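What follows is a short report on a single structure.
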Amino acid sequence: MSVPLAKDDLVIISGGARGVTAQVALALAEASQATLLLLGRSPLPGSEPDWLQGLTTETEIKQAVMAHAATPLKPKDVAQRYLQISGQREVRENVARIEAAGSRVVYRSVDLRQSAAVAAVIDEARQLYGPVKGLIHGAGVLADRLIKDQTVEQFESVYATKVEGLDHLLSAVADDPLNFMVMFSSSTGRFGRTGQVAYAVANEVLNKIAQQQARLRPDCRVLSLNWGPWDGGMVTPELKKVFAREGIAVIDLRAGAEYLVEEISTPPGGPVELVVLGGGEEIQSETAEQPPQNIYISKAFDLDLSVAQYPFLKSHVLDGKAVLPMAVIIEWMAHGAIHNNPGLRFHGFNDMRVLKGVILEPGQNNNLQVMTGKAIKSDGVHVVPVALSGMTASGQPFVHARAKIVLAAKLLAGKAPLEPLELPVYARSIEEIYMSDRLFHGTDFQAIREVLGCSDGGISALVRPAPQPTEWIQQPLRNSWLADPLAIDSSFQLMILWSFERYGAGSLPVFVDRYRQYRECYPENGVEIRVRVTAQNAHKASADIDFLDPVNGTLVARIEGYECVIDASLNASFQRNKLLGVA
416 MSVPLAKDDL VIISGGARGV TAQVALALAE ASQATLLLLG RSPLPGSEPD
466 WLQGLTTETE IKQAVMAHAA TPLKPKDVAQ RYLQISGQRE VRENVARIEA
516 AGSRVVYRSV DLRQSAAVAA VIDEARQLYG PVKGLIHGAG VLADRLIKDQ
566 TVEQFESVYA TKVEGLDHLL SAVADDPLNF MVMFSSSTGR FGRTGQVAYA
616 VANEVLNKIA QQQARLRPDC RVLSLNWGPW DGGMVTPELK KVFAREGIAV
666 IDLRAGAEYL VEEISTPPGG PVELVVLGGG EEIQSETAEQ PPQNIYISKA
716 FDLDLSVAQY PFLKSHVLDG KAVLPMAVII EWMAHGAIHN NPGLRFHGFN
766 DMRVLKGVIL EPGQNNNLQV MTGKAIKSDG VHVVPVALSG MTASGQPFVH
816 ARAKIVLAAK LLAGKAPLEP LELPVYARSI EEIYMSDRLF HGTDFQAIRE
866 VLGCSDGGIS ALVRPAPQPT EWIQQPLRNS WLADPLAIDS SFQLMILWSF
916 ERYGAGSLPV FVDRYRQYRE CYPENGVEIR VRVTAQNAHK ASADIDFLDP
966 VNGTLVARIE GYECVIDASL NASFQRNKLL GVA
């Protein structure tokens, strides 16, 4: 994919010629050689006086400033003058670098809060260089204060630069044929941050304006990038230390700029709001190994798990204790990834592993967190590391389960389903499998309608769909399922039936290598499940599992590399499938 610009096309970038926006301008120049209209608050600096020529160190510059001052200067005045000189040098150097990359640079000083001034600057550029083809709104100011300490003037300064500035830019380019439009929003708008109420509000408004613009301009790639902190720009060395203490990594300037160019090179119609965070080395493909340490950098949500609030747990009891189903863990992990990456769709997961089951004693509450890491874009999808974590009795955090959730702007087409096995008739009735010594599942999880057949090589069945989340959960996270936890759990139930027939022992899931879903919703009438066992012994088995639409036989979803443990000691636990002390 290439940047949707021809050489010399006019692009507007607000935010000046320093820091983040300068790096973005450089990356865009390298990719397109466009004409770049840079809008900043400060005037373009002129030439330096002769007495500054050749001076590079802070000490040299400050000494020269004091020596050439008309009157004696206080130390803070000298420091301020040094920062001014350094900033002016950065602007000159950045403009020179951008021009060396092949772009024409036009710098204009303008207050974005003044609509007439913004319109005049853009009209002038349009007359000289043609219609505007791209807009990047990177301007912003900070005035961090606690809510109780923030003045109206401070709030308005932050809000107006972001929101009124964007409004004036959009008015000025209303009739231009934009190929892309990018708003610099912030992860603060998504997650919040102490002292940044004004910044959070302004950036969340930008997010929604972007959503509106995406609908008004369907042929324009519209993005609102919710950046985490950058290694530069408004992130000072002192603020960078604060982030480091909090375990928050900053975004490399060049890597972030190249990411923006990559995103505007994708076709219109993709996700609008993207959360972009620093941290960790980039993974080159969705199957690459993810380092386990320090990758879960953002909390998606908390869960206070109890049987009272999550009554479906009464139907998933082993050895007298409620056990959180792996299928529900998958659903919550998917929600966490979607929550922190708005605009993308759930497409599946890789490397789903249960490390320690979530078990509830009668009357117990279990506090859980769904944590997510940085979304890595690769091969047309976004891969998000997600963990379900809890606390030990001593207050130490640990991970119950982890996976890499796969998100996509558009779901890929399904593959051909597995060929059906020639399976002999399964001897037991549905009443027998749920009421005898086979499945421990209570009413909410009794989804198997008919077992179509079972052999050493696999098993197949028709299952009913999951009910609405409100029938399982008092206050569900969503009004509909991202996958179908009942269908997925039913596939695990079929493996239990298979392991009993083959080895006389129950089984439980521990790992899924890969799951892909090819529809946003499972069929309302349920699915046909085909399980093909790929490896087995008396202690564990592996399988591939297809979920098919029974009406037309198309593939709804597929599990590859399902693994379960087979253990005869589970048989007794399966029989104790009522909560202890609960009538």
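Here this note's numbering is used: the first residue of the sequence shown is 416, the next is one more, and so on.
Glycine residues also receive a C-beta, built at the ideal position from the N, C-alpha and C atoms.
No experiment lies behind these values; they were computed from the predicted model shown.
Between the Cα of V814 and those of A828, S793, R768 and I848, spot the shortest distance and give me the residue it belongs to. R768
Decide if the segment 468-486 is in contact with the segment 428-438; the criterion is three or more beta carbon pairs, one per stretch, under 8 Å apart. no
Beta-carbon spacing of I944, F962 below 8 Å: yes
Integer-rounded CB distance, given that L994 should sit under 8 Å from P777: 6 Å
Note down the Cα distance separating D526 from S586, rounded to an integer number of angstroms. 15 Å
Inter-residue Cα distance where the pair is R879 and P900: 11 Å
Give the list of continuous beta strand (DSSP E) stretches no shorter than 3 residues that lie fully inside the segment 849-907. 863-870 and 873-878
In chain order, what residues of the same chain have a beta carbon less than 7 Å from the beta carbon of Y475, not counting five sequence neighbours either side? The identity of residue 475 in the sequence shown is Glu, whereas the question assumes Tyr. Nothing listed; no residue qualifies.
Are the C-beta of W913 and some C-beta of chain D separated by less than 8 Å? In the structure shown, chain D cannot be found, because there is only a single protein chain.
If you measure between the beta carbons of W642 and F599, is that distance less than 8 Å? yes
Per DSSP, what kind of secondary structure is Y841 in: helix, strand or coil? coil
Output needed for G607: all residues of its chain with C-beta closer than 6 Å, excluding positions within five of it in sequence on either side, in chain order. A615
Using a 10 Å radius around the Cβ and a threshold of 16 neighbouring Cβ atoms, would you call I848 buried or exposed? buried
Going straight from the alpha carbon of G872 to that of E978, what length do you get? 15 Å
D424 versus A958 - alpha carbon distance: 54 Å
In three-state DSSP terms, what is E619? helix
Which residues bound the alpha helix (DSSP H) around Q932? Q932 -> not in any alpha helix (DSSP H); beta strand (DSSP E) instead, spanning G921 to Q932.
With which residues is C936 paired in a DSSP beta bridge? None, per the DSSP bridge assignment.
Kindly indicate which three-state DSSP category Q529 falls into: helix, strand or coil? coil
When you compare only the Cα positions, how much space is there between W645 and Y574? 20 Å
Only counting the same chain, and skipping five residues up and downstream in sequence, which positions put a Cβ closer than 6 Å to that of G685? A824
For the 8 Å Cβ check, are there 3 or more pairs between the segment 721-731 and the segment 968-986? no
Unbroken alpha helix (DSSP H) runs of length 4 or more, entirely within the segment 739-765: which are they? 741-754
Residues that DSSP places opposite G805 in a beta bridge: F813
Give the DSSP bridge partners of T787, in chain order. S713 and V801
Between the segment 752-762 and the segment 965-978, do three or more beta carbon pairs fall short of 8 Å? no
Scan the segment 542-593 and note each continuous beta strand (DSSP E) run of 3 residues or more that stays entirely inside, going in chain order. 547-552
DSSP beta-bridge partners of V971: None; V971 has no bridge partner.
Where does T702 fall in DSSP's three states? For T702, the predicted structure reports a pLDDT of 37, less than 50, and the residue's modelled location is therefore unreliable. A value from the coordinates is still provided. Three-state DSSP puts T702 in coil, outside helix and strand.
Shortest alpha-carbon distance to A790 belongs to which of I428, L689 and V426? L689
For the segment 556-571 against the segment 511-519, are there 3 or more C-beta pairs whose distance is under 8 Å? no
Length of the line joining the Cα atoms of R893 and D766: 24 Å
Q990 to F860 span [Cα, whole Å]: 16 Å
Taking the C-alpha atoms as reference points, what is the distance between P683 and E746? 29 Å
Give the single residue among R605, V687, D590 and A444 whose Cα lies nearest to the Cα of Q627. V687
Euclidean distance between Cα positions of Q889 and A749: 20 Å
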